[in-house]
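Sequential numbering of the sequence shown, starting at 1, is according to our numbering. Read the structure below first, then the notes.
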Amino acid sequence: METGPQALKMCGQDGELDRLMAALLAQLRDLQVPVSPQILPQVQVNTRAKRRLGCCRFREGTYTIEVSAGILQSPDLLKETLLHELLHTCPGCRNHGPLWKSYAAVVNQALGTSIQRTVKVEEAFSPLRREEVKYVLRCQSCGREIKRLRMCKVVKAPWRYRCLCGGKLKRVR
């Protein structure tokens with residue numbers, strides 16, 4: 001395995017994260033949630049993740065669950081993140097579509113959790129990086145503001161794009 005800041009680190013030697021994931025998997029199976037049997041039993045901890053709490057990767061027929069190192073100190077958030085990612089292993093649930101949402105609702109009701117598609121940064125006690133809005137476009141007709149974090153085509157050439165109302169856009173910041 002790679003070393004250095006870009007490497008994913010396996011969870012602690014005592015395997016506490018792995019045991020937590022195994023217990024959550026058992027709970028999901030008891031609820032008849034069709035989680036995949038092809039999940040690696042080791043949770044990976046990503047020390048570089050700054051904009052997400054967790055990730056479910058599918059490679060060569062196997063799912064890998066990854067969590068941000070920033071959430072390890074919050075047991076409730078860690079549990080909900082692991083459940084969220086485990087739901088992505090269900091057939092037809094690689095996205096946050098209706099099927100994923102229905103399984104999340106079943107789990108929330110049965111386990112008293114609040115699994116959601118996304119978590120606001122303020123709620124996550126901010127292990128996540130909060131990015132400031134760098135660019136603002138304003139519609140010349142309705143006054144709607146469109147905010148962008150990064151340079152993109154509409155920021156570079158707002159005269160080529162229109163607001164939803166059909167009005168012209170102008171970059172104000």
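Cβ atoms here follow ideal geometry from the backbone N, Cα and C, with glycine treated the same way.
Look at the alpha carbon of residue i and the alpha carbon of residue j, and state the distance between them as a whole number of angstroms.
| i | j | result |
| --- | --- | --- |
| residue 43 | residue 132 | 31 Å |
| residue 117 | residue 162 | 29 Å |
| residue 46 | residue 152 | 28 Å |
| residue 172 | residue 52 | 30 Å |
| residue 167 | residue 134 | 22 Å |
| residue 66 | residue 55 | 5 Å |
| residue 61 | residue 85 | 16 Å |
| residue 27 | residue 142 | 50 Å |
| residue 17 | residue 74 | 12 Å |
| residue 111 | residue 100 | 16 Å |
| residue 15 | residue 150 | 39 Å |
| residue 76 | residue 95 | 23 Å |
| residue 24 | residue 144 | 44 Å |
| residue 98 | residue 41 | 27 Å |
| residue 29 | residue 157 | 51 Å |
| residue 91 | residue 59 | 15 Å |
Identify, in the order they occur along the chain, each residue of the same chain with its Cβ nearer than 6 Å to the Cβ of residue i, setting aside the five sequence neighbours on each side.
| i | result |
| --- | --- |
| residue 124 | Only weak support is given to the placement of residue 124: the predicted model assigns it a pLDDT of 48, under 50, and the question is left unresolved by the model. |
| residue 39 | 63, 89 |
| residue 78 | 71 |
| residue 21 | 43, 82 |
| residue 57 | 64 |
| residue 102 | none |
Please return the same chain residues whose Cβ sits closer than 7 Å to the Cβ of residue i, not counting the five positions on each side in sequence.
| i | result |
| --- | --- |
| residue 19 | none |
| residue 31 | 106, 107, 110 |
Pop quiz: residue i and residue j are said to be a contact at Cβ under 8 Å. What is the actual Cβ separation, rounded to whole angstroms?
| i | j | result |
| --- | --- | --- |
| residue 80 | residue 114 | 7 Å |
| residue 33 | residue 119 | Residue 33 to residue 119, Cβ: 21 Å. No contact. |
Ordered along the chain, which non-local residues of its own chain (more than five positions away) have a Cβ less than 8 Å from that of residue i?
| i | result |
| --- | --- |
| residue 146 | 136, 137, 138, 139, 154, 163, 169 |
| residue 148 | 133, 134, 135, 136, 137, 154, 155 |
Taking all protein chains shown into account, decide if residue i is buried (16 or more other Cβ within 10 angstroms of its Cβ) or exposed.
| i | result |
| --- | --- |
| residue 159 | exposed |
| residue 165 | exposed |
| residue 93 | buried |
| residue 83 | buried |
| residue 104 | buried |
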